[in-house]
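Counting the sequence shown from 1 gives a position; our numbering is that position plus 72.
For every residue, glycine included, the Cβ atom is placed at its ideal position computed from N, Cα and C.
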Amino acid sequence: MPTARPRLLYVTDLAYQARGRRYCDEDVFLTSRLREEFDLALCNPRDAAALLDGFDAAVVRNSGPVLTHLAAYHAFRERAAATGIPVYNQLTGRADMAGKQYLLDLSAAGLPVIPTVDHPDDLHRLPQAAQYVVKPKLGADSTGLRTVPAAEVPGLVDGGVLVQPRVDFAYEVSFYFVDHDFQYALYAPDPGRRWGLEPYEPTREDLEFARRFIDWNTIDHGIQRVDACRAPGGELLLVELEDLNPYLSLDALDDTRRDAFVATVTASLHRYVRTGGGGAR
């Protein structure tokens with residue numbers, strides 16, 4: 073049973089070097105605030121399985137791509153399932169948490185996603201473009217991503233990569249949710265500076281777009297980020313649904329929005345721990 077002051081194992085890799093972002097700063101800030109209401113310890117993702125038993129819940133935050141510690145990640149999931157200890161984000165996601173297959177599934181279903189295929193016989197389904205983006209199905213943080221001329225694409229499609237047309241978008245925008253509740257949005261007005269983010273006020277249509285993917289996913293407890301691009305026709309297209317450990321860009325928020333986000337996450341964690349969370353189903 074959870075103690076009066078719940079114990080959180082906060083999983084992060086403070087040494088991970090991300091392009092254009094300082095993961096460690098974000099986690100230092102978040103843990104400093106969460107400590108006001110939780111007993112909290114930080115650990116590297118490689119140590120999480122061994123340490124999990126001593127806590128009421130685990131919070132997976134800026135732990136880096138699981139490809140760098142895949143065996144440890146699977147061991148952590150297995151241990152969480154065996155003990156029933158809640159993990160936040162809930163380990164039921166079917167987006168980036170499970171790889172990139174969801175982009176193929178959503179594209180095939182006709183949802184507003186950048187058209188995506190993974191087989192040579194399906195290349196004809198993609199819009200014609202001068203360049204295409206090729207990325208590993210199990211990639212993360214742009215690892216292995218390439219932009220290639222159309223003529224090179226057939227020789228690269230081997231079942232282990234995804235292919236998408238390169239979209240000449242106006243900007244990228246991200247929508248951040250806690251559980252199923254929208255929190256804030258940020259956008260990169262300069263397409264060449266993905267992490268040069270500024271506050272964005274979404275329209276009703278923008279939020280309907282983002283909520284469609286949150287509702288599609290199978291996470292009730294946790295933080296999700298819907299990444300989209302504004303296509304040449306003005307519509308939004310999904311780029312990624314990050315449901316494992318999305319970077320939050322809290323440094324791009326003013327104090328009021330940052331404090332409101334922390335309060336929402338704190339309340340969400342209290343609810344999750346109090347109900348036992350359902351474990352890693």
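So the candidates are I157, D240 and G171; which of them puts its Cα closest to the Cα of V233? G171
R329 and S246 look like a contact to me (Cβ under 8 Å); what is the Cβ gap, rounded to whole Å? Actually they are not in contact, since the Cβ atoms of R329 and S246 sit about 14 Å apart, beyond 8 Å.
For the putative contact between Q236 and Y204, defined by C-beta atoms under 8 Å, what is the C-beta separation to the nearest angstrom? 7 Å
Taking the alpha-carbon positions, what's the P261 to W267 distance? 10 Å
Residue interval of the beta strand (DSSP E) (run including T219): R218 to P221
Would R133 and D99 be called neighbours here (beta carbons separated by less than 8 Å)? yes
When you compare each of C96, S104 and T84 to D331 by their alpha carbons, which one comes out closest? S104
Quick check on I295: does DSSP put it in helix, strand or coil? strand
Using CA coordinates, which residue listed in Y88, F101, V83 and C96 is at the minimum distance from D327? F101
May I ask you to list the residues that DSSP assigns as paired with V345? DSSP lists no partner for V345.
If you run the structure through DSSP and keep just helix, strand and coil, what is R105? helix
Opening and closing residue of the beta strand (DSSP E) in which G313 lies: The sequence given here has Leu at residue 313, not Gly. That run of the beta strand (DSSP E) goes L308 to E314.
Return no unless some Cβ of chain B is closer than 8 Å to the Cβ of N116. Any reference to chain B falls outside this structure, which holds one protein chain only.
Are L269 and S340 touching if we call contact CB-CB under 8 Å? no
What is the C-beta distance between L217 and K207, in whole angstroms, given that I count them as a contact (C-beta under 8 Å)? 4 Å
Is H293 near G231, with beta carbons less than 8 Å apart? no
Alpha carbon to alpha carbon, how far is L279 from Y248? 10 Å
According to the Cβ coordinates, are T84 and L114 closer than 8 Å? yes
I need the DSSP call for E273, collapsed to helix, strand or coil. coil
Assuming Q203 is part of the alpha helix (DSSP H), what are its boundary residues? Taken as a continuous stretch (DSSP letters only), Q203 belongs to no alpha helix (DSSP H), being part of the beta strand (DSSP E) at Q203 to P208.
For the candidate residues P117, L123 and A154, whose alpha-carbon lies nearest to that of L357? In the structure as shown, the chain begins at 73 and stops at 353. Residue 357 is therefore absent and cannot be evaluated.
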